[in-house]
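Student: In our numbering, the protein residues as written are 880 to 1362. Built from N, CA and C at the ideal position, the CB exists for glycine as well. Take a look at this one; I'll ask things after.
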């Protein structure tokens, strides 16, 4: 290390340049200033520490490329995120200390007043900038850990059934003049466990006489379907959640009887095993949409804001690529005035599809704290944190593929007296046609497909989406096209 007497022999511009260089070296390669002009042992320790951290980051990145789902499953665990948070805080403190030491090594007392002031300000700005960046990163990680811990608990992991994950998406409405959270919209997302290609099965909330699997408490209570004398509107599909919640004694040891009974009804209706459920509180949906910056979608007709028991306050006007903030997106999904339940189901699919297609990684990163805070109030689910990576992986794949849909609604299905065997047949056909698209992509075929005799899974993920659609399977994008 140069002696102070040696530094005095240097010209003032050289001393000033040396002081700034040591600060910039600390910014670019922490510890390098100590190697060059200070305690080399400290510098080498910092380098070894940074090399170890870099090796861990590279290893995780390589694993994410090879095994994306399992790697994400690991890194989103709350305990691992807490470790990352602690490491970031330690790095912030350590880096700040290195800047202070680099400033000391620059011998500011040997500099002229203006140069000393410039070096001091530069040191403060660089140190403060690094600390702020690392502390901000630690708060993002903390928000992720809190979000995962509060929303995704220690639920049991469910295996794919016949190569598919079936997730029940429920839109609950806890608005004014309502008792509890009632699922007014239900969509079963059937997701191919290899490709991520998804079929959305929209279930009308006013479907009557819904069955339950044999051996369940609800089947024992309602062997001929969910109905009883003078049940009025309470005996529809959306009333299952409320009934089970109000009769918890039928479900000993069950945390959420409403969700369990509803998923059992959906299993009996569709013939598919429901792996998980996600309940979204539509009344709290506003903050989540605002957190991601709103959504863009096509509005085919004028949609009232308000109505059905309250005044109409305005309208969402038709148009292509309309930008909707949280308030208007919520009413686009929720509005009932002047429309049928089936049209409302279609609008909700539009919103879900827009969220899926427009939620980019950059948006998640830059607005994560707001998204996480809003999601904790909006989302309730039994998806375990150990399965998050799987669904993130599938969601990334599904963004490249068209989403198909099927809804058992009139004229095909009379919701007051549904033909459940027909519904199960149509659901199976919709899924088979969706799987055929992956098979066609794998084989390089663009021929129009019909219901296949076999639903064998492709051995690899498709690299592109066939351009031709299949009969009787609606593409959600076409449903959302403005008139």
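1. Spatial neighbours of residue 1202 within its chain, please: C-beta separation below 7 Å, excluding the five flanking residues on both sides.
2. For the beta strand (DSSP E) containing residue 1175, list its first residue and its last residue.
3. Indicate whether residue 1285 and residue 1090 have their beta-carbon atoms separated by less than 8 Å.
4. Judging by CA-CA distance, which residue of 951, 913, 1283 is the nearest neighbour of residue 1308?
5. Any contact between the region 1175–1195 and the region 1143–1151? By contact I mean 3 or more CB pairs, one from each, below 8 Å.
6. Could you pull out every residue in the same chain whose Cβ sits closer than 6 Å to the Cβ of residue 1127, ignoring the five residues on either side in sequence?
7. Taking the alpha carbon of residue 1185 as the reference point, which residue from 1171, 1277, 1207 has its own alpha carbon closest?
8. Is the beta carbon of residue 1264 less than 8 Å from the beta carbon of residue 959?
9. Could you tell me the alpha carbon to alpha carbon distance between residue 1093 and residue 1213, rounded to whole angstroms?
10. Going straight from the alpha carbon of residue 907 to that of residue 913, what length do you get?
11. Starting from residue 1119, follow the alpha helix (DSSP H) in both directions and report where the run begins and ends.
12. According to the neighbour-count rule (16 or more other Cβ atoms, all chains shown, within 10 Å of its Cβ), is residue 890 buried or exposed?
13. Could you please give me the residues that DSSP links to residue 1043 through a beta bridge?
14. For residue 1293, name the three-state secondary structure that DSSP assigns.
15. Could you tell me which residues DSSP pairs with residue 985 in its beta bridges?
16. Expressed to the nearest angstrom, what Euclidean distance is found between the alpha-carbon atoms of residue 985 and residue 930?
17. Count the other C-beta atoms from every protein chain shown that fall within 10 angstroms of the C-beta of residue 1338, then say buried if there are 16 or more, exposed otherwise.
18. Just the Cα atoms here: how many angstroms apart are residue 1160 and residue 1226?
19. On the premise that residue 1024 lies in contact with residue 957, defined as a C-beta separation below 8 Å, what is that separation, rounded to the nearest angstrom?
20. Report buried or exposed for residue 1204, applying the criterion of at least 16 other Cβ atoms within 10 angstroms of its Cβ.
21. Judging by CA-CA distance, which residue of 903, 981, 953, 954 is the nearest neighbour of residue 918?
22. What residue does the alpha helix (DSSP H) around residue 950 start on, and which one ends it?
23. Report the CB separation of residue 1182 from residue 1211 in whole angstroms; it is logged as a contact under 8 Å.
24. What first and last residue would you give for the beta strand (DSSP E) that runs through residue 1132?
25. For residue 1194, which beta-bridge partners are listed by DSSP?
26. Using DSSP with H/G/I as helix, E/B as strand and the rest coil, what is residue 975?
27. Sort 1117, 1116, 1140 by Cα distance to residue 1099 and report the nearest one.
28. How many whole angstroms separate the CB atoms of residue 1151 and residue 1306, which I take to be in contact at a CB cut-off of 8 Å?
29. For residue 1120 versus residue 1062, is the C-beta spacing smaller than 8 Å?
30. If you pair each beta-carbon of the region 961–968 with each one of the region 891–902, do three or more pairs fall below 8 Å?
31. For residue 1114, which residues from the same chain have a beta carbon less than 6 Å from its beta carbon, with the 5 sequence-adjacent residues on both sides left out?
32. Would you list the residues sitting across from residue 1202 in a DSSP beta bridge?
33. Measure the alpha-carbon distance for residue 887 versus residue 993 and round it to whole angstroms.
34. Compare the C-alpha of residue 1096 against each of 1071, 1064, 934, 1130 and name the closest.
35. How many angstroms separate the CA atom of residue 1229 from the CA atom of residue 1215?
36. What are the boundary residues of the alpha helix (DSSP H) that includes residue 1007?
Tutor: The answer reads as follows:
1. In the chain shown, the residue the question calls residue 1202 occupies position 323. Correct list, in chain order: 1173, 1175.
2. Residue numbering aside, residue 1175 sits at position 296 when the chain shown is read from its first letter. Where residue 1175 is concerned, the enclosing beta strand (DSSP E) stretches over 1174–1178.
3. As a working note, residue 1285 is residue 406 in the chain shown. As a working note, residue 1090 is residue 211 in the chain shown. Residue 1285 is not a Cβ neighbour of residue 1090, given a cutoff of 8 Å.
4. As a working note, residue 1308 is residue 429 in the chain shown. The shortest C-alpha separation from residue 1308 is found at 1283.
5. Verdict: no, contact absent.
6. Against the chain shown, residue 1127 aligns to sequence position 248. Result list for residue 1127: 1136, in chain order.
7. On the chain shown, position 306 is the one that residue 1185 refers to. Nearest option by C-alpha distance: 1207.
8. Counting from one through the chain shown, the residue named residue 1264 turns up at place 385. Counting from one through the chain shown, the residue named residue 959 turns up at place 80. No, the Cβ-Cβ distance between residue 1264 and residue 959 is not below 8 Å.
9. If you number the chain shown from 1, residue 1093 lands on position 214. If you number the chain shown from 1, residue 1213 lands on position 334. Near 34 Å, if we compare the C-alpha coordinates of residue 1213 and residue 1093.
10. For the purposes of this step, residue 907 is taken as residue 28 along the chain shown, with counting starting at 1. For the purposes of this step, residue 913 is taken as residue 34 along the chain shown, with counting starting at 1. The straight-line gap from Cα to Cα measures roughly 13 Å.
11. Against the chain shown, residue 1119 aligns to sequence position 240. Where residue 1119 is concerned, the enclosing alpha helix (DSSP H) starts and stops at 1118–1125.
12. Mapped onto the chain shown, residue 890 falls at position 11. Answer is exposed; the Cβ neighbour count stays below 16.
13. The residue given as residue 1043 occupies position 164 in the chain shown. According to DSSP, residue 1043 bridges with 1040, 1071.
14. Walking along the chain shown from the start, residue 1293 turns up at place 414. Coil at residue 1293, not helix or strand.
15. Here residue 985 refers to the residue found at position 106 when the chain shown is read from its first residue. Residue pairing of residue 985 in beta bridges, as defined by DSSP: absent, with no partner found.
16. As a working mapping, residue 985 is identified with position 106 in the chain shown. As a working mapping, residue 930 is identified with position 51 in the chain shown. For the pair residue 985 and residue 930, the Cα-to-Cα distance works out to about 26 Å.
17. For the purposes of this step, residue 1338 is identified with residue 459 of the chain shown, where counting begins at 1. Below a pLDDT of 50, predicted positions are generally treated as unreliable, and residue 1338, at 41, falls in that range; the measurement from the model is reported next regardless. It is exposed - the Cβ of residue 1338 has fewer than 16 other Cβ atoms within 10 Å.
18. Working through the chain shown from its first residue, we reach residue 1160 at position 281. Working through the chain shown from its first residue, we reach residue 1226 at position 347. If you draw a straight line from the Cα of residue 1160 to the Cα of residue 1226, it is about 16 Å long.
19. Here residue 957 is taken as the residue at index 78 of the chain shown, counted from 1. Here residue 1024 is taken as the residue at index 145 of the chain shown, counted from 1. Under the criterion of beta carbons closer than 8 Å, residue 957 and residue 1024 qualify as touching, at roughly 5 Å.
20. As a position in the chain shown, residue 1204 is number 325, starting the count at 1. The residue in question, residue 1204, is exposed, as its Cβ has fewer than 16 Cβ neighbours within 10 Å.
21. Here residue 918 refers to the residue found at position 39 of the chain shown. Among 903, 981, 953, 954, the Cα nearest to that of residue 918 belongs to 981.
22. Here residue 950 corresponds to residue number 71 of the chain shown, with the count starting at 1. Its alpha helix (DSSP H) spans residues 947–954.
23. In the chain shown, the residue the question calls residue 1182 occupies position 303. In the chain shown, the residue the question calls residue 1211 occupies position 332. Residue 1211 and residue 1182 do touch by the CB rule: their CB atoms are close to 6 Å apart, below 8 Å.
24. Walking along the chain shown from the start, residue 1132 turns up at place 253. Note, residue 1132: premise wrong, no beta strand (DSSP E); not H, not E.
25. If you number the chain shown from 1, residue 1194 lands on position 315. Its beta-bridge partners are 1183.
26. The count along the chain shown starts at 1 and reaches residue 975 at position 96. Judged by DSSP in its simplified three-state form, residue 975 adopts helix.
27. The residue you call residue 1099 lines up with position 220 of the chain shown. Looking at 1117, 1116, 1140, the one whose alpha-carbon comes closest to that of residue 1099 is 1140.
28. Within the chain shown, residue 1151 is the residue found at index 272, counting from 1. Within the chain shown, residue 1306 is the residue found at index 427, counting from 1. 7 Å between Cβ atoms; contact.
29. Here residue 1120 refers to the residue found at position 241 when the chain shown is read from its first residue. Here residue 1062 refers to the residue found at position 183 when the chain shown is read from its first residue. Between residue 1120 and residue 1062, the C-beta gap is smaller than 8 Å, which places the two residues in contact.
30. Output reads no: the region 891–902 does not touch the region 961–968.
31. In the chain shown, counting from the first residue as 1, residue 1114 sits at position 235. In its chain, beyond the 5 residues on either side, 1105, 1106 have a beta carbon closer than 6 Å to the beta carbon of residue 1114.
32. For the purposes of this step, residue 1202 is taken as residue 323 along the chain shown, with counting starting at 1. Per DSSP, 1175.
33. The residue given as residue 887 occupies position 8 in the chain shown. The residue given as residue 993 occupies position 114 in the chain shown. About 17 Å.
34. Taking the first residue of the chain shown as position 1, residue 1096 is located at position 217. Answer by Cα proximity: 1130.
35. Sequence index remark: in the chain shown, residue 1229 carries index 350 (1-based). Sequence index remark: in the chain shown, residue 1215 carries index 336 (1-based). For residue 1229 and residue 1215, the distance between alpha carbons rounds to 15 Å.
36. For the purposes of this step, residue 1007 is taken as the residue at position 128 of the chain shown. Looking at the DSSP string, the run of the alpha helix (DSSP H) that includes residue 1007 is 992–1030.
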